[in-house]
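Have a look at the structure below, then the notes.
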Amino acid sequence: MEAEAECKVPGVYAETGIPVEDPAPGLNSDVSKKDTPPAVAAPGPGLYFEIGKKARDLLYKDFHTDQKFTLTTYTNNGVAITAASTMKDEAIFSEIQTKLKSNNVLTTITTEDLGVSGLKQIVSLPFPYQTAGKAELQYLHDYAGISLGVGLSSKPLVNLSGVFGNKSVAVGADVAVDTSTGDFTKYNAGLTINNSDLAAALTLNNKGDSLTASYYHLVNKESGTAAGAELTHSFSTKENTLSFGTQHALDPLTTVKARYNNHGMVSALIQHEWRPKSFFTLSTEVDTKAIDKASKVGLSLVLKP
């Protein structure tokens, strides 16, 4: 039996959905992530995950090699129901999740009225997977963006990231500590340079094992034409990966993208928004170094009211 509840608290925004990172078992699609409360807009450098994000989205977002179907619908009282099905390697994985359900609830409470401009509190409470819950504080300033996340368990994982600078130039770091062992599970650093039509980033990832440089350039704003590149060097394997990508809007509702890397992998997609928030995406991937092998084809259908 499903349980529904409604709570209104001044200055508090409550929503159930899927957390952006470290989710409890359940849906983990891009559509589910879009249902989480948006970050508070600020004129400063933003948060650490935004470093290099434009290039990553251009090169990797919406490229699929499997078949995905996602349907989100809303009841009259605001309860959202999301159904997702993925077919990969002849196996089918299907899940259905509601925003309010007695045996599997994930509630995200975002508080923005904390008496300090730019400060936001986020608490994620999944049930019955309470150990996956976490609390997060975000502070966005004209010259800084800081995020502190703590897992809601007896020996939580603590994540701290900070970016300092402005919208044009900023540096930042991202670290995570496992309090049960005292070990650093993550430490990254980044530098970003931005203006109205370009974004360049240099990041040190994987505990200092890999160095990534990325570049994004918006060539034509009206047509949505953009180009980007990413170069990653692994210090442990001495391997380099260089990827190039581009995108172009055929019309206001249809976008095409293409990507190539130095390992001979070529990918392309076409995405059409046939109604607001509803997308059909067809993508393909070809290994030019093994042209005799069949190419991979991905289909994605996203339906939202």
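For reference, each letter of the sequence shown is one residue, going 1 to 305 in the UniProt record's numbering. All residues carry an ideal CB built from backbone N, CA and C; glycine is no exception. These numbers come from a predicted model, not from an experiment.
Assign residue i to buried or exposed, taking buried as 16 or more other Cβ atoms, counted over all protein chains shown, within 10 Å of its Cβ.
i, result
"residue 64", "buried"
"residue 199", "buried"
"residue 288", "exposed"
"residue 139", "buried"
"residue 283", "buried"
"residue 188", "buried"
"residue 312", "The displayed coordinates of the chain run from 1 to 305. Any statement about residue 312 would go beyond what the structure contains."
"residue 12", "Here residue 12 scores only 35 on pLDDT, less than 50, and its place in the model should not be relied on; the value that follows carries that caveat. So residue 12 ends up on the exposed side."
"residue 70", "buried"
"residue 221", "exposed"
"residue 166", "exposed"
"residue 239", "exposed"
"residue 52", "buried"
"residue 169", "exposed"
"residue 223", "exposed"
"residue 27", "Confidence is the limiting factor: at residue 27 the pLDDT is only 33, short of 50, which leaves the residue's position unreliable and the question unanswerable from this model."
"residue 185", "exposed"
"residue 300", "buried"
"residue 208", "exposed"
"residue 161", "buried"
"residue 82", "buried"
"residue 295", "exposed"
"residue 117", "exposed"
"residue 212", "buried"
"residue 72", "buried"
Could you pull the DSSP bridge partners for residue i from this structure?
i, result
"residue 190", "172 and 203"
"residue 220", "225"
"residue 248", "256"
"residue 280", "272 and 301"
"residue 69", "85 and 301"
"residue 165", "170"
"residue 210", "205 and 234"
"residue 159", "149 and 176"
"residue 267", "259 and 285"
Rounded to whole angstroms, what's the CA-CA distance from residue i to residue j? Just pull it up for me.
i, j, result
"residue 230", "residue 241", "8 Å"
"residue 164", "residue 193", "12 Å"
"residue 172", "residue 293", "43 Å"
"residue 195", "residue 201", "12 Å"
"residue 134", "residue 179", "14 Å"
"residue 236", "residue 278", "42 Å"
"residue 136", "residue 190", "21 Å"
"residue 285", "residue 66", "11 Å"
"residue 68", "residue 297", "11 Å"
"residue 62", "residue 281", "8 Å"
"residue 246", "residue 215", "12 Å"
"residue 305", "residue 74", "8 Å"
"residue 217", "residue 56", "12 Å"
"residue 149", "residue 290", "44 Å"
"residue 267", "residue 155", "43 Å"
"residue 250", "residue 58", "16 Å"
"residue 120", "residue 203", "26 Å"
"residue 183", "residue 177", "6 Å"
"residue 54", "residue 197", "11 Å"
"residue 254", "residue 153", "45 Å"
"residue 158", "residue 264", "39 Å"
"residue 226", "residue 84", "31 Å"
"residue 273", "residue 145", "33 Å"
"residue 210", "residue 141", "30 Å"
"residue 181", "residue 232", "30 Å"
"residue 275", "residue 244", "30 Å"
"residue 234", "residue 60", "19 Å"
DSSP state of residue i, grouped into three classes?
i, result
"residue 235", "coil"
"residue 50", "helix"
"residue 143", "coil"
"residue 183", "strand"
"residue 289", "helix"
"residue 135", "strand"
"residue 57", "helix"
"residue 241", "strand"
Using a Cβ-Cβ cut-off of 7 Å, state whether residue i counts as contacting chain C.
i, result
"residue 293", "In the structure shown, chain C cannot be found, because there is only a single protein chain."
* **Three or more C-beta pairs below 8 Å linking the segment 246 to 266 and the segment 41 to 56** => Flag = no, the segment 246 to 266 and the segment 41 to 56 do not touch.
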